[in-house]
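Asks: Questions regarding the structure given below will be posed in turn.
Number of protein chains: 2
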Amino acid sequence: MTEFGLSPIQATARDDAVLKALAGFVMREALGPGQRLPTERILAERLKVSRNTVREALTRWEGLGLVERRQGSGTYLKGVVSLDMLHMPLTLAGGNDFTSLMQTLEIRRALEAEAAALCAVRAGQAEIAEIARKLDVMEQAFHTRAGMSAEEDWEFHQSIYRTSGNPLFEQIIAAMHELFHRFWEHPLGVRDFGHASFPYHRTIYERIATHDPEGARAEALKLIATVEDDLKRGAAKLKLSGQK
Amino acid sequence: MTEFGLSPIQATARDDAVLKALAGFVMREALGPGQRLPTERILAERLKVSRNTVREALTRWEGLGLVERRQGSGTYLKGVVSLDMLHMPLTLAGGNDFTSLMQTLEIRRALEAEAAALCAVRAGQAEIAEIARKLDVMEQAFHTRAGMSAEEDWEFHQSIYRTSGNPLFEQIIAAMHELFHRFWEHPLGVRDFGHASFPYHRTIYERIATHDPEGARAEALKLIATVEDDLKRGAAKLKLSGQK
DNA sequence: TGCAGAAATTGGTTGGACCATTGAGCCATT
DNA sequence: AATGGCTCAATGGTCCAACCAATTTCTGCA
């Protein structure tokens with residue numbers, strides 16, 4: 030085991046200090062996602078702090094999604110950590126009814142359109158190629174698996190958010206996605222949910238590839254509209270069949 | 030001390046289970062913000078779990094801002110807790126620079142416009158009157174205190190988000206607001222920050238009052254644009270003056 | 001009655017122990 | 001030599017018992 034560049038910390042505000050020290054360590058060693066941190070026991074020893082304190086600190090990071098712990102293996106970085114990073118916990122009340130689902134879509138409508146527009150402005154050659162790749166994979170999956178391409182669909186969208194240059198889009202829309210899918214198996218019994226949105230993926234891509242922000246925005250809005258329609262249709266069907 | 034309605038939990042996934050049990054307890058007892066939770070020792074005893082495990086669970090909640098611990102006093106609820114809540118830590122990398130501020134504004138631009146449009150559609154007489162009241166208070170404060178009306182300004186906007194009929198708008202934009210202001214005392218040294226946005230508050234209100242969603246959206250976009258301009262001007266000034 | 005000091009309460013930290021999972025190395029069988 | 005199973009050390013997860021530090025509550029004296 031190598032010598033870790035860690036020195037003891039002083040009293041009070043232990044776990045916070047532990048995080049600062051750790052963040053500094055991660056930066057100095059230029060550790061990135063996937064790499065392993067020193068073990069809890071080593072951290073405790075080097076920082077002259079009890080292992081419990083180290084654990085509380087790491088628990089915080091785990092809660093922020095910065096770190097992943099694997100019993101028997103170690104603690105691994107999941108994201109980029111830096112001292113001046115800002116964390117803002119967002120708590121959303123989620124219901125599982127039709128109204129809540131529509132509400133997540135209203136947020137997505139706003140963000141998706143903006144992200145697509147920004148993406149069209151900012152995408153370089155490499156980014157456009159990446160989006161095209163994701164689109165191909167999705168269309169492939171859609172055709173071979175008769176429309177079951179939720180996973181690939183989502184990855185396509187994510188590549189757009191990422192290319193928008195603003196990480197908040199991906200984070201917030203991911204939260205909406207999570208809220209939406211938490212109650213969604215075959216949403217409201219509509220089997221071919223999402224089919225109608227399929228063609229718009231390519232049109233969005235085309236507008237982005239030609240750096241047409243308003244066009245991309247318009248296509249994104251159409252896509253969300255089809256999902257909203259599906260949802261409404263499902264709700265109406267449910268109402269007819271007498272289910273709650 | 031009263032009998033808490035808590036029963037022991039079973040093995041593995043302890044701290045997660047603790048949080049679930051606690052969330053259930055909070056809901057059953059209808060505890061709200063400001064109220065005190067059982068002490069760690071009592072929780073540990075009732076849940077048949079070590080105090081360390083309870084602490085790790087509470088550390089998670091603390092990280093999410095759901096709970097506040099006060100040494101010697103107790104652990105208090107800071108927000109509303111419910112079982113089906115989604116907790117999403119937003120991470121803004123890069124720190125206190127111009128880019129981060131602009132990123133929060135990009136989100137606000139998307140959401141603010143949509144919220145204003147929805148508000149124009151859905152606002153009833155009572156809601157419109159409430160927004161008018163907030164607008165009056167803000168304008169009053171603006172004139173008497175020479176532009177220092179941040180608080181009243183924010184309340185005006187909040188009344189719009191609320192009237193949009195979708196609570197997610199208020200929650201997410203509040204998070205952006207918080208992120209924005211964490212960097213911001215007199216943002217980038219621009220003293221009259223926000224002055225330019227003043228007239229658009231009234232124009233937004235007018236579009237809402239006349240149920241003109243696209244007009245409201247357009248005015249909201251103009252408002253955000255002035256803030257972005259202020260920010261850019263501040264950044265340019267800073268660059269000139271040689272500060273980092 | 002009022003207030004200062006003592007005592008109890010409560011979160012924060014420590015150290016040490018043991019459990020459960022993982023992963024690497026070792027060995028026997030094939 | 002390759003494969004499969006075994007052992008064992010490393011690592012995170014949990015537990016316990018004690019003590020520290022801040023806060024609150026109680027007590028008793030003035």
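First to last, the protein sequences are chains E and S.
Position in the first sequence (from 1) plus 29 gives the number in the working numbering.
Position in the second sequence (from 1) plus 29 gives the number in the working numbering.
In this text, a Cβ means the ideal position worked out from N, Cα and C, and glycines have one as well.
(1) In chain order, which alpha helix (DSSP H) runs of at least 4 residues are fully inside the segment 59-133 of chain S?
(2) What does the Cβ neighbour count give for residue 117(S), buried or exposed, with the cut at 16 atoms within 10 Å?
(3) To be precise: take each residue of the segment 111-128 of chain S, compare its Cβ to all Cβ atoms of chain E, and keep it if any distance is under 7 angstroms. Which residues remain?
(4) Rounded to whole angstroms, what is the Cα-Cα separation between residue 177(S) and residue 223(S)?
(5) Find the nearest neighbour of residue 113(S) within the set 105(E), 110(E), 209(E), judged by alpha-carbon distance.
(6) Can you tell me whether residue 193(E) is buried or exposed? The criterion is at least 16 other CB atoms within 10 Å of its CB, across all chains shown.
(7) Using a Cβ-Cβ cutoff of less than 6 angstroms, which residues in the same chain neighbour residue 246(E) once the five nearest sequence positions on both sides are dropped?
(8) Within the same chain, show all residues whose beta-carbon is closer than 6 angstroms to that of residue 272(S), passing over the 5 residues directly before and after it, in chain order.
(9) Any residues in the segment 188-205 of chain E with a beta carbon nearer than 9 angstroms to a beta carbon of chain S? Which ones, in chain order?
(10) Does DSSP put residue 178(E) in a helix, in a strand, or in coil?
(11) My assumption, with CB atoms under 8 angstroms, is that residue 249(S) sits in contact with residue 157(S). Please give the rounded CB distance.
(12) Does any C-beta atom of chain E lie closer than 8 angstroms to the C-beta of residue 48(S)?
(13) CA-CA distance, residue 56(E) and residue 187(E)?
(14) Note down, in chain order, every chain E residue with its Cβ under 7 angstroms from the Cβ of residue 89(S).
(15) Would you tell me roughly how many angstroms separate the C-alpha atoms of residue 198(E) and residue 152(E), rounded to the nearest one?
(16) Closest to residue 161(S) by C-alpha separation, out of 73(S), 232(S), 254(S), would be which residue?
(17) Would you say residue 243(S) reaches chain E, if we count a Cβ-Cβ gap shorter than 8 angstroms as a contact?
(18) Name the chain E residues that come within less than 7 angstroms of residue 132(S), Cβ to Cβ?
(19) Is there a Cβ of chain S sitting closer than 8 angstroms to that of residue 97(E), yes or no?
(20) What does a CB cutoff of less than 7 angstroms around residue 171(S) pick up in its chain, not counting 5 residues either side in sequence?
(21) So which residues on chain S does residue 108(E) lean against when the C-beta distance must stay under 8 angstroms?
(22) Which whole-angstrom value describes the C-beta separation of residue 253(E) and residue 134(E), a residue pair presumed to lie in contact below a C-beta threshold of 8 angstroms?
(23) Between residue 169(E) and residue 260(E), what straight-line distance do the alpha-carbon atoms span, to the nearest angstrom?
(24) With DSSP collapsed to three states, give me the class of residue 149(E).
(25) Run the CB neighbour count on residue 32(E), radius 10 Å, all protein chains shown included, and call it buried at 16 or more, exposed below.
(26) Determine the extent of the alpha helix (DSSP H) in which residue 44(E) is found, giving its start and end residues.
(27) In this structure, how does DSSP classify residue 173(E) when only helix, strand and coil are distinguished?
(28) Taking the straight line between their C-alpha atoms, what separation do you get for residue 38(E) and residue 69(E)?
(29) CA-CA distance, residue 73(S) and residue 79(E)?
(30) Taking 8 angstroms as the CB-CB cut-off, is residue 143(E) touching chain S?
Replies: Taking the structure as given:
(1) Entirely contained in the segment 59-133 of chain S, the alpha helix (DSSP H) runs reaching 4 residues are, in chain order, 69-76, 80-92.
(2) A buried status is given to residue 117(S), since no fewer than 16 other beta-carbon atoms sit within 10 Å of its beta-carbon.
(3) Of all residues in the segment 111-128 of chain S, 111, 113, 114, 115, 116, 117, 118, 119, 120, 121, 122, 124, 125 have a Cβ within less than 7 angstroms of some Cβ in chain E.
(4) Taking the Cα positions, residue 177(S) is about 9 angstroms away from residue 223(S).
(5) Answer by Cα proximity: 209(E).
(6) By the neighbour-count definition (other C-beta atoms within 10 Å, threshold 16), residue 193(E) is a buried residue.
(7) Scanning its chain for C-beta atoms nearer than 6 angstroms, with the 5 sequence neighbours on each side dropped, one finds around residue 246(E) the residues 142, 145, 146, in chain order.
(8) The pLDDT assigned to residue 272(S) is 46, lower than 50, so where the model puts this residue is not dependable; a value taken from the coordinates is nonetheless given after this. There are no such residues.
(9) Per Cβ criterion, the list reads 193, 194, 195, 196, 197, 198, 200, 201, 203, 204, 205.
(10) DSSP places residue 178(E) in coil when its eight states are reduced to three.
(11) So it is not a contact: roughly 16 angstroms between Cβ atoms.
(12) Chain E contact via Cβ: absent.
(13) One C-alpha to the other measures close to 27 angstroms.
(14) In chain order: 88, 92.
(15) Roughly 15 angstroms between the two C-alpha positions.
(16) It is 232(S) whose Cα lies nearest to the Cα of residue 161(S).
(17) Chain E contact via Cβ: absent.
(18) The contacting residues are 195, 197.
(19) Output row for residue 97(E): interface = no.
(20) Result list for residue 171(S): 178, 227, in chain order.
(21) Contacts between residue 108(E) and chain S, judged by CB atoms closer than 8 angstroms, involve 120 in chain order.
(22) About 6 angstroms separates the beta carbons of residue 253(E) and residue 134(E), which is inside the 8 angstroms limit, making them a contact pair.
(23) The alpha-carbon atoms of residue 169(E) and residue 260(E) are separated by roughly 25 angstroms.
(24) Helix, per DSSP.
(25) Its pLDDT being 39, under 50, residue 32(E) is placed unreliably by the model, and the measurement read from it follows with that caveat. With a 10 Å radius around the Cβ and a threshold of 16 neighbouring Cβ atoms, residue 32(E) comes out exposed.
(26) Residue range 43-57 is occupied by the alpha helix (DSSP H) that includes residue 44(E).
(27) Residue 173(E): helix per DSSP, three-state reduction.
(28) Annotation note: pLDDT 42 at residue 38(E) (below 50); position unreliable, coordinate value reported separately. Cα to Cα, residue 38(E) sits roughly 15 angstroms from residue 69(E).
(29) Residue 73(S) and residue 79(E): Cα-Cα distance of roughly 21 angstroms.
(30) Chain S, which has a Cβ nearer than 8 angstroms to the Cβ of residue 143(E), makes this yes.
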